[in-house]
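Asker: Counting along the sequence shown from 1, when you hit position 373 you're at 1848 in my numbering, and nothing is skipped either side. What follows is a structure written as structure tokens; I'll ask about it next.
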Amino acid sequence: MCGIAGFAGYPTDTPLKAMTRSLTHRGPDNDGFFVTSTAKGVVALGHRRLSIVDLEAGTQPLSSEDGRVTAVVNGEIYNHVELRGKLERLGHRFETRSDSEVIVHLYEEAGPDCFGELDGMYAIALFDARENRLLLGRDPIGKKPLYFAVDGERVLFGSEPKALLAGGFVPARISRRGLDLYLRFGYVPAPHTLFAGIESIPAGGWLSWEAGEITRGFHFELYDAIDPDVRELDFGAAVAQTRSRLAHAVEKRLAADVPVGVWLSGGIDSTLIATLAARSHGEGLRTFTVGHPAADASFDECARARATARAIGASHTEVRVEPAVDAVFERLLDVFDEPFADSSAIPTQLISEVTAQELKVVLSGVGGDEGFAGYPRHGALRWAQALEWVPALARRAGAGLLRPWVRESADAFNTGGRVRRFLDAAALPAESQYLRWVTLFHADARAALLGTRLGNDSDSPARATAGAVDSFDFAFRHDAGAYLPEDLLRLTDRASMVHGLEVRAPFCDPSVLGFGLSLSPKVKLAGGLKSVLRGVAADLVPPEVLRAPKRGFMVPVARWLRDELAPLADSLLSEQACRKGGLLQYAAVRPLWEQHRSGRANHAQRIWALVLLQAWRAKHPYLEMEPACES
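And the structure:
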């Protein structure tokens, strides 16, 4: 796992080392560079390496035998042994055992179609000297990030936005569209970012620079992984196939020349991963979990994680969440170049730091909810569909009568908050309701916060939703095509790579995620949330894990904002801070913060998003807003 950066078409290679150096945290072991001149300017590739496979000889950039093709890669290719054998039979000679070297030779055979044969997580930059082509590509599910900026006939790229900014070629400005999307979702979905002029290559996407001509496209579409025939499977067949696919996905992610561990919560997803990993790994598997103090007992899953660790014979480590205000915010702002409102970044960062002291590779259960109906909102969608026959006016009136009686809480479940979100969107069609449930601030609220209307609430950022056959299919495609890659996987990548730790996600294997997305909602929700995975786990995991309610990887933000973090929030959301930052209208911020702090409402997610945005703005006062005509 590494960091990559570079550019094509510029007159000098001078910025390359600064761009690459900005990614040292992603690859602390060594660096490497490739520079060549073309008729259209310099092509430069930089690499920072975290050694996982072929520790001694796998330094990048890597080139073909004749030097025609050179590549830098961030990621792991799980089928590199099979690809190597195939390529050697075709006459290719390998200089290393590195999994990344197969990409160079595979490109010689297949050209830009090489991505279709790769099984893994990756961000790739490859230069073909014969075609004068720089090719960028991102893996099908979006596990590894890749950013770029187009500057006329020139392009630059990097694993994180900071690499592009370090080059000095891109003016640092705030994107109006990115700002609106951040307030809507709490993250900025690809291809947008919060920086004007910097874009993210979407999951399964590619970009080609060929002698100054730039084209873009997709080598993988999520809806291509959805098999209509799987929708006809019954529950028993779904469980059997899921178990087989997941076991295979776990086994191939255990391959490394360094020890591999597992992040273990008290939930089904990570428990399944740990149990299957222990069967392949044998004794001595390392597991890690995050715990909370007694005051936040509803967030703590340590007891169930311990039970699993004992059952599988793992060596177990617990990390306690004890937030220090200054440290929390400084780390979040350093790790994420953009503000990122998912508070699970905090425990992910803490567990990454502890894990990285002992290991370089860990498996995670991220991705199980998206394919196998694991979120409470998936269950709520049943109610939304069932009530669609009721006229919208009647639904709105009924919701208005019920809402005052629903009370929110600050615990891990906040059932009242979920009910309120359901009631607030009750008059909308089912798909629109779902989008409202995953929205932090709806369009009118964003317009009030920003002082201008920049977007609407009608579209999903996931391309795959265009092919949805019903509202359930729409919801699962949205979560897998937007929330998973641009929130959960981006969060995991940043929080782990800042500590030089590689995280592998078996549930994000296309054969597992695609299968889950293809299953009928009736099968996935047959006995409640995550029914198929509960079926897989029935004879594998401790009973207390199977019985446990869904929690999520959360922290007590609602309480923190009223207690430890209240002074910081007061400062960042003050009238003076809003005026100085120039992003938020204090008149819209004040009632939200007053309602939350007083306990009259739980606006924790919204306040957290605003606090992070203001803290990010205070740390980047030099950033200007892009002109309105360019949004």
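C-beta atoms are modelled at their ideal positions from N, C-alpha and C, and glycine is treated no differently.
#1: Below 8 Å on the Cβ atoms is my guess for residue 1548 versus residue 1597; work out the distance and round it to an integer in Å.
#2: How is residue 1662 classed by DSSP in three states: helix, strand or coil?
#3: According to DSSP, is residue 2057 part of a helix, a strand, or is it coil?
#4: Would you report the Cα separation of residue 1978 and residue 1665, rounded to the nearest angstrom?
#5: Can you name, in chain order, every residue of its own chain whose Cβ lies under 6 Å from the Cβ of residue 2084, other than the five neighbours on each side?
#6: Counting along the chain, where does the beta strand (DSSP E) carrying residue 1817 start and finish?
#7: Distance, Cα to Cα, residue 1975 vs residue 1812?
#8: What is the DSSP secondary structure of residue 1479, counted as helix, strand or coil?
#9: Name the one or two DSSP bridge partners that residue 2100 has.
#10: Answer yes if the stretch 1819 to 1830 comes into contact with the stretch 1865 to 1874, meaning at least three C-beta pairs across the two stretches below 8 Å, and no otherwise.
#11: What do you reckon, are the CB atoms on residue 1577 and residue 1562 nearer than 8 Å?
#12: Per DSSP, which residues does residue 1522 bridge with? Please list them.
#13: In terms of alpha-carbon separation, which member of 1513, 1538 and 1496 lies closest to residue 1522?
#14: May I ask you to report which of helix, strand or coil DSSP gives residue 1836?
#15: Assuming residue 1819 contacts residue 1738 (C-beta within less than 8 Å), just tell me the rounded distance between them.
#16: Determine the closest residue to residue 1791 out of 2016, 1484 and 1763, with distance taken between C-alpha atoms.
#17: State the DSSP-derived secondary structure class of residue 1596, mapped to helix, strand or coil.
#18: Provide the residue span of the alpha helix (DSSP H) that contains residue 1748, from first to last.
#19: Taking the alpha carbon of residue 1850 as the point to measure from, which residue in 1572, 1912 and 1507 has its own alpha carbon closest?
#20: Specify the secondary structure class of residue 1916 as computed by DSSP and reduced to three states.
#21: Rounded to whole angstroms, what is the Cα-Cα separation between residue 2103 and residue 1649?
#22: State the Cα-Cα distance for the pair residue 1657 and residue 1950, rounded to the nearest angstrom.
#23: Mind checking who residue 1864 pairs with in its DSSP beta bridge?
#24: Taking all protein chains shown into account, decide if residue 1858 is buried (16 or more other Cβ within 10 angstroms of its Cβ) or exposed.
#25: Within this structure, are the beta carbons of residue 1981 and residue 1678 separated by less than 8 Å?
#26: By the three-class DSSP mapping on this structure, what secondary structure does residue 1635 have?
#27: Under 8 Å between the Cβ atoms of residue 1516 and residue 1490?
#28: My output table needs one value for residue 1811: the three-state DSSP class, helix, strand or coil.
#29: Using a Cβ-Cβ cutoff of less than 7 Å, which residues in the same chain neighbour residue 1518 once the five nearest sequence positions on both sides are dropped?
#30: With distances taken Cα to Cα, identify the nearest neighbour of residue 1681 among 1646, 1935, 1620 and 1736.
#31: According to DSSP, which residues form a beta bridge with residue 1487?
#32: Only counting runs of 4 or more residues, tell me where the alpha helix (DSSP H) segments fall wholly within the stretch 1651 to 1738, in order along the chain.
#33: Closer than 8 Å by C-beta to residue 1447: which residues in its own chain qualify, once you throw out the five before and the five after it? Chain order, please.
#34: Check residue 1492 in the structure and name its three-state DSSP category.
#35: Excluding the five sequence neighbours on either side, which residues of its own chain have a C-beta within less than 6 Å of the C-beta of residue 1717, listed in chain order?
#36: Checking 8 Å against the spacing of the C-beta atoms, do residue 1748 and residue 1992 come in under that value?
Answerer: Looking at the atomic coordinates:
#1: That pair is a contact at about 6 Å.
#2: Correct three-state label for residue 1662: coil.
#3: Coil.
#4: CA-to-CA, the gap between residue 1978 and residue 1665 works out to about 21 Å.
#5: Only residues of its own chain outside the window of five on either side were considered, and among them 1661, 1816 and 1915 have a CB closer than 6 Å to the CB of residue 2084, listed in chain order.
#6: Looking at the DSSP string, residue 1817 is not in any beta strand (DSSP E), and its letter there is neither H nor E.
#7: Each residue's alpha carbon lies about 17 Å from the other.
#8: The answer is strand: DSSP assigns residue 1479 an E or B state.
#9: In the DSSP assignment, residue 2100 forms a beta bridge with 1649.
#10: Judged by Cβ distances under 8 Å, the stretch 1865 to 1874 makes no contact with the stretch 1819 to 1830, as fewer than three pairs qualify.
#11: Yes; because the gap between Cβ atoms is below 8 Å, this pair is in contact.
#12: The partner list for residue 1522 (beta bridge, DSSP) reads 1479 and 1507.
#13: For the residues 1513, 1538 and 1496, the minimum Cα distance to residue 1522 belongs to 1496.
#14: Strand at residue 1836.
#15: Cβ atoms of residue 1819 and residue 1738 stay farther apart than 8 Å, at about 12 Å.
#16: If we check each option's Cα against that of residue 1791, 1763 comes out closest.
#17: Residue 1596: strand per DSSP, three-state reduction.
#18: Segment 1743 to 1756, the alpha helix (DSSP H) holding residue 1748.
#19: For residue 1850, the nearest C-alpha among the options comes from 1912.
#20: Coil.
#21: The alpha-carbon separation between residue 2103 and residue 1649 amounts to approximately 11 Å.
#22: Taking the straight line joining both Cα atoms gives about 20 Å.
#23: Partner(s): none; residue 1864 has no beta bridge.
#24: Per the 10 Å Cβ criterion, exposed.
#25: The answer is no: Cβ separation not under 8 Å.
#26: Look at residue 1635 here: in three-state DSSP terms it is coil, with no helix or strand label.
#27: The Cβ atoms of residue 1516 and residue 1490 do not sit closer than 8 Å to each other.
#28: In the displayed model, residue 1811 falls within coil according to three-state DSSP, outside both helix and strand.
#29: Closer than 7 Å at Cβ, skipping near neighbours: 1483, 1511, 1602 and 1609.
#30: Of the candidates 1646, 1935, 1620 and 1736, the residue whose Cα lies closest to the Cα of residue 1681 is 1620.
#31: Answer is none; residue 1487 lacks a bridge partner.
#32: Every unbroken stretch of the alpha helix (DSSP H) spanning 4 or more residues and falling wholly within the stretch 1651 to 1738 is given here in chain order: 1651 to 1660 and 1710 to 1728.
#33: Residue 1447 lies beyond the residue range present for the chain, which begins at 1476 and ends at 2106; the question has no answer from this structure.
#34: Looking at residue 1492 - three-state DSSP - the assignment turns out to be helix.
#35: Here the set comprises 2007 and 2011.
#36: Taking 8 Å as the Cβ cut-off, residue 1748 and residue 1992 do not qualify as a contacting pair.
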